[in-house]
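Residue numbers (the UniProt record's numbering), protein chains in the order written: chain A, 1 to 146; chain B, 1 to 146.
Protein chains: 2
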Amino acid sequence: MLSYDELAVGDTFEAGETTLTEDEITSFAGEYDPQPFHLDHEAGEESMFGGLVASGLHTYCTCNRLATEAFFSRVAFMGGRGVDELRWQRPVRPGDTLSAAVEVTEKRVSESNPERGYVNVDVTGMNAEGETVITWTVLGMIRRAE
Amino acid sequence: MLSYDELAVGDTFEAGETTLTEDEITSFAGEYDPQPFHLDHEAGEESMFGGLVASGLHTYCTCNRLATEAFFSRVAFMGGRGVDELRWQRPVRPGDTLSAAVEVTEKRVSESNPERGYVNVDVTGMNAEGETVITWTVLGMIRRAE
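Here's what the structure looks like:
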């Protein structure tokens, strides 16, 4: 487990990859984001996406899983206060393979609790062509070295 | 379906409610946010949360489902460009019942495509005590009246 003190601004972590099937896309959307263009081919074709696309929340959750394996579970992560600037840059379609990269972009020790460090962490999700499909910044807390 | 033109800044929409079970919390976390304090009671008790808590992504997805029923599926929603200022205000624990409210906070017609309107929509998720547990702002596109 890496502590706050073992991380430096600019540190990067590369995550593995995973492929989203059509069943996974429609089942996630049915549960959490039931918009026609995430559930049905015809509705997708009539939408601005020109076909069935994954819910942006699904892309976010899937890339978060990859980012957790690569980073959040490898550091002494205490929790997240929130997320800034979550952006869906490109649609994700059935059969797309996603990967993720994580970069530490800011850090500062908590003033009220010197055992905690605040970090900003940029997460980027990419498709198999290396195009960015999603980006966001996690505002997280990481335990300091003992 | 409400068009962009039928919405006004300040319009609010109240969503239904749903209860998160412990099984749902650990199964969502196992899939998308495998942190010990979302998966295991003992790890939760040792964490800053003092017990097992839902993944913030789970709270977000669950309240998005409620917000979709109340708002996003009732307007001519074309898609979301992103989300700003997603904040987890209070932990969500097994058995908590969540509800949501949606408010239109900004709107402007697209300059490049006058058939589209941009809206900012604030979503607030609350627990049964009426305490805010999550907030975020959707940057969305809604079709204009024909």
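We put the CB at the ideal spot given by N, CA and C, even for glycine. Predicted, not measured: the structure shown is a model, and the values here were computed from it.
Are the beta-carbon atoms of B/P114 and B/V53 separated by less than 8 Å?
-> Within the second sequence, numbered from 1, the residue matching residue 114 of chain B stands at position 114. Within the second sequence, numbered from 1, the residue matching residue 53 of chain B stands at position 53. Not closer than 8 Å, so no.
Out of B/F28, B/T124, B/G140 and B/G56, state which residue places its alpha-carbon closest to the alpha-carbon of B/G117.
-> The residue you call residue 117 of chain B lines up with position 117 of the second sequence. The residue with the shortest Cα to Cα distance from B/G117 is B/G140.
Under a CB-based cut-off of 8 Å, is B/R144 close to chain A?
-> The residue you call residue 144 of chain B lines up with position 144 of the second sequence. By this cut-off, B/R144 is not an interface position.
Could you list which residues in chain A have their beta carbon closer than 9 Å to that of B/V104, in chain order?
-> Working through the second sequence from its first residue, we reach residue 104 of chain B at position 104. Going along chain A, no residue has its Cβ under 9 Å from B/V104, so there is no contact; the nearest lies around 18 Å.
With burial defined as no fewer than 16 other Cβ atoms inside 10 Å of the residue's Cβ, what is the status of A/D33: buried or exposed?
-> Within the first sequence, the letter at position 33 stands for residue 33 of chain A. Buried is the call here.
Segment limits, alpha helix (DSSP H) that includes A/G44 = Working through the first sequence from its first residue, we reach residue 44 of chain A at position 44. Start and end: H41 to E46.
Determine the closest residue to B/A128 out of B/R65, B/V83, B/A70 and B/D96, with distance taken between C-alpha atoms.
-> As a position in the second sequence, residue 128 of chain B is number 128, starting the count at 1. The candidate whose alpha carbon is nearest that of B/A128 is B/D96.
Whole-number beta carbon distance between B/L98 and residue 156 of chain B, since they are thought to touch under 8 Å = Residue 156 of chain B lies beyond the range of chain B shown here (1 to 146); nothing can be said about it.
In whole angstroms, what separates the C-alpha of B/G130 from that of A/G130?
-> The residue given as residue 130 of chain B occupies position 130 in the second sequence. The residue given as residue 130 of chain A occupies position 130 in the first sequence. Approximately 44 Å, taken between the alpha carbons.
Please list the segments of the beta strand (DSSP E) lying wholly inside the UniProt domain "MaoC-like" (9 to 122) of chain B, counting only runs of 3 or more residues, in order along the chain.
-> 12 to 19, 77 to 88 and 97 to 109
Could you work out which residues of chain A lie near B/V83, taking near to mean beta carbons separated by less than 7 Å?
-> Numbered from its first residue, the second sequence carries residue 83 of chain B at position 83. Under the 7 Å cutoff, chain A gives L86.
Reference A/M48; option with closest CA among B/M1, B/E69 and B/G80 = Residue 48 of chain A sits at position 48 when you count from the first residue of the first sequence. Nearest C-alpha to A/M48: B/G80.
May I ask you to list, following chain order, the residues of the region 19 to 32 of chain B that have a beta carbon less than 9 Å from some beta carbon of chain A?
-> F28, E31 and Y32
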